[in-house]
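What follows is a set of notes on a single structure, which appears directly below.
Number of protein chains: 2
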Amino acid sequence: MPTPGEILNLFPFFDETGLGSFIGSVTKIPAGACAFMEGDYSIHVAFIAKGALRVVKTGESGREIVLYKVLPGESCILQLSSVLSGVGYPATAIVEHDVEAIMVPVERFKQSINESQFLRNFVYGSFTKRIAWMMSLIEEVAFKRMDVRLIELLLSRTSPEQPELNMTHERIALELGTAREVISRLLKNLEHDALVELARGKVTIINRNGLDAILPDR
Amino acid sequence: MPTPGEILNLFPFFDETGLGSFIGSVTKIPAGACAFMEGDYSIHVAFIAKGALRVVKTGESGREIVLYKVLPGESCILQLSSVLSGVGYPATAIVEHDVEAIMVPVERFKQSINESQFLRNFVYGSFTKRIAWMMSLIEEVAFKRMDVRLIELLLSRTSPEQPELNMTHERIALELGTAREVISRLLKNLEHDALVELARGKVTIINRNGLDAILPDR
DNA sequence: CAGGAAAAGTGACTTTGTCACTGACTCTGA
DNA sequence: TCAGAGTCAGTGACAAAGTCACTTTTCCTG
Chain A
1 MPTPGEILNL FPFFDETGLG SFIGSVTKIP AGACAFMEGD YSIHVAFIAK GALRVVKTGE
61 SGREIVLYKV LPGESCILQL SSVLSGVGYP ATAIVEHDVE AIMVPVERFK QSINESQFLR
121 NFVYGSFTKR IAWMMSLIEE VAFKRMDVRL IELLLSRTSP EQPELNMTHE RIALELGTAR
181 EVISRLLKNL EHDALVELAR GKVTIINRNG LDAILPDR
Chain B
1 MPTPGEILNL FPFFDETGLG SFIGSVTKIP AGACAFMEGD YSIHVAFIAK GALRVVKTGE
61 SGREIVLYKV LPGESCILQL SSVLSGVGYP ATAIVEHDVE AIMVPVERFK QSINESQFLR
121 NFVYGSFTKR IAWMMSLIEE VAFKRMDVRL IELLLSRTSP EQPELNMTHE RIALELGTAR
181 EVISRLLKNL EHDALVELAR GKVTIINRNG LDAILPDR
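Keeping their order, the protein sequence lines are chains A and B.
Under this note's numbering, the first sequence has 206 at position 206, and the numbering climbs by one with no breaks.
Under this note's numbering, the second sequence has 156 at position 156, and the numbering climbs by one with no breaks.
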């Protein structure tokens with residue numbers, strides 16, 4: 001359970017907005033739960049204090065792609081956007097790690113945003129960050145090769161000290177918006193080149209530099 | 001040249017925000033010009049009164065994809081976002097049809113947005129609209145087949161009365177974020193099936209229902 | 001009307017996505 | 001302890017899309 005101090009660290013505008021009274025009431029949602037479904041209307045705005053949300057778009061084929069994640073200190077812009085303009089939530093949000101969040105009722109939030117420039121700046125900042133993120137996602141999906149995207153994911157989620165990634169091929173495929181078979185094939189190639197080691201539900205990086213070398217120059 | 005009345009129709013919040021004085025000063029930018037380059041910092045916020053902007057992301061390969069268009073009555077959220085949080089503009093904006101725009105200096109805009117809820121609502125609305133749009137773009141790019149996307153473009157830009165589309169294959173490819181050859185091939189197939197007629201720089205729809213029938217049910 | 005630029009066509013090849021499987025691992029409860 | 005039932009991964013064949021390196025066609029324009 002985060003202390004009020006921790007929460008104020010994450011959301012410094014909270015005490016200037018008259019929202020301070022909500023700091024005490026933390027809502028918990030367990031991993032795996034679905035925080036929002038496509039089309040939902042929210043009655044609260046959630047400020048994440050702990051855990052992580054995964055925001056996902058599902059194509060009709062059932063294939064998924066992860067749009068972005070919401071981490072502590074953040075709020076979900078899709079929810080902000082949905083609340084601020086009364087439109088249904090345009091994607092699905094799944095709890096990735098147990099979430100603790102401060103829920104502010106919509107009306108209260110709308111009032112505060114009219115009063116507090118700090119809160120507005122927080123909201124603008126959230127929008128900006130996500131928009132930039134989504135644009136680079138579009139670029140990635142439209143232009144980058146799958147092997148490059150896979151390697152980038154592998155490298156970004158592991159480190160020389162912690163070279164193991166505990167994800168199934170299926171899960172990686174969902175993150176990248178592709179099919180499981182594709183990931184299996186690519187990983188198999190990497191294993192063949194002695195860059196990674198595969199096990200059920202696990203990928204171990206055994207040659208970071210080798211992987212890095214495959215990426216286009218930079 | 002749009003009259004003040006027309007401008008107030010497009011941007012009704014203008015006279016309540018103290019921005020009315022800018023209505024007179026319309027800036028023109030000719031088609032083909034580059035309104036913003038990736039990385040730029042704006043000193044104005046543009047409210048489009050006439051014409052159209054095309055906002056484009058370019059991959060390192062040189063391939064492009066059109067993120068969205070800015071039409072009269074709108075403002076470019078990337079610019080809003082860039083201005084409101086002091087980050088460089090994350091894409092390129094090209095003038096598609098001669099633009100006439102009202103340019104409000106950044107400082108003035110920031111002041112107004114603190115004062116006017118109408119302006120804020122306009123901004124939130126712009127964000128919401130674009131975000132929803134970009135999300136469906138991600139879905140399209142990640143999941144939809146190219147032929148479907150092409151046909152959707154053909155149908156949406158023509159009508160039974162006006163069945164001709166004056167675009168080169170190159171241009172269509174840029175809109176959809178793919179390669180010219182792919183579009184040429186797909187169009188060739190459609191021509192072979194007697195659904196369209198091709199000419200240099202022009203596509204003529206000769207069987208709308210036939211095209212429509214190819215799209216997944218709905 | 002020649003010559004050059006822009007637009008479109010082509011074929012060979014690679015990468016990615018899809019389908020329909022099979023096989024391997026792991027857990028749970030009888 | 002071992003028998004299914006899931007879950008996870010591998011495979012081969014094929015279709016769709018992207019890339020490369022051209023050639024051919026069309027349209028200006030001087």
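Glycine is no exception: its CB is placed at the ideal position from the N, C-alpha and C atoms.
So, with DSSP's three-state summary, where would you put residue i?
i	result
Ser82 of chain B	helix
Met103 of chain A	strand
Phe109 of chain B	helix
Thr27 of chain B	strand
Ile43 of chain B	coil
Phe36 of chain A	strand
Arg54 of chain B	strand
Tyr124 of chain B	helix
Glu64 of chain A	strand
Val95 of chain A	strand
Ser75 of chain B	strand
Lys69 of chain B	strand
One question on the structure: do residue i and residue j come within less than 8 Å of each other, judged by their Cβ atoms?
i	j	result
Ala173 of chain A	Val182 of chain A	yes
Met37 of chain B	Met134 of chain A	no
Ile7 of chain B	Ile131 of chain A	no
His44 of chain B	Pro105 of chain B	yes
Ser85 of chain A	Thr128 of chain B	yes
Asp40 of chain A	Gly5 of chain A	no
Leu198 of chain A	Met146 of chain A	no
Ser82 of chain A	Ser42 of chain A	yes
Ala260 of chain A	Val141 of chain B	What the structure shows of chain A is the stretch from 1 to 218, and residue 260 of chain A is not part of that stretch, so it cannot be assessed.
Glu170 of chain B	Arg180 of chain B	yes
Gly123 of chain A	Met167 of chain A	It is worth fixing the name first, because residue 123 of chain A is Val in this sequence and not Gly. In this structure, Met167 of chain A does not lie closer than 8 Å to Val123 of chain A by Cβ.
Arg63 of chain B	Gly177 of chain B	yes
Closer than 7 Å by C-beta to residue i: which residues in its own chain qualify, once you throw out the five before and the five after it? Chain order, please.
i	result
Lys50 of chain B	Pro2, Pro72, Val99, Glu100
Leu211 of chain A	Ile151, Leu154, Leu155, Leu195, Ile205
Leu119 of chain B	Phe13, Thr17, Ser112, Ile113
Ser116 of chain A	Phe13, Glu16, Thr17
Ser207 of chain A	Here residue 207 of chain A is Asn; the residue named in the question, Ser, does not match the sequence. The residues are Ala194, Leu195.
With a CB to CB cut of under 6 Å and the five nearest residues on each side skipped, what residues in its chain are close to residue i?
i	result
Lys28 of chain B	Glu100
Met103 of chain A	Thr27, His44, Ala46
Thr158 of chain A	Leu165, Ile205
Phe11 of chain A	Phe47
Ala52 of chain A	Lys69, Leu71, Glu96, His97
Ala31 of chain A	Val95, His97, Asp98
For residue i, which residues in the same chain have their Cβ closer than 8 Å to its Cβ, ignoring the five residues on either side in sequence?
i	result
Ser184 of chain B	His169
Lys188 of chain B	Leu198
Notebook entry, point to check: Are the segment 101-120 of chain A and the segment 160-171 of chain B touching by the rule of at least three beta carbon pairs closer than 8 Å?
Noted result: no
Check: Is the segment 7-24 of chain A close to the segment 55-67 of chain A, with three or more CB pairs under 8 Å?
Finding: no
Next item on the list: Identify every run of the alpha helix (DSSP H) within the segment 163-205 of chain B, keeping only runs that are complete inside it and at least 4 residues long; order them along the chain.
Entry: 169-176, 180-192
Note to self: Could you check whether the segment 67-81 of chain A touches the segment 123-140 of chain B, counting it as contact only if at least three pairs of C-beta atoms, one from each stretch, sit closer than 8 Å?
What the structure shows: yes
Notebook entry, point to check: Counting Cβ pairs, one atom from each stretch, are 3 or more of them under 8 Å apart for the segment 22-29 of chain B and the segment 70-89 of chain B?
Noted result: no
Item checked: Cβ contact check for the segment 26-36 of chain A and the segment 87-98 of chain A: 3 or more pairs under 8 Å -> yes
Notebook entry, point to check: Which ranges would you report for the alpha helix (DSSP H) in the segment 129-168 of chain B if only whole runs of at least 4 residues count?
Noted result: 146-156
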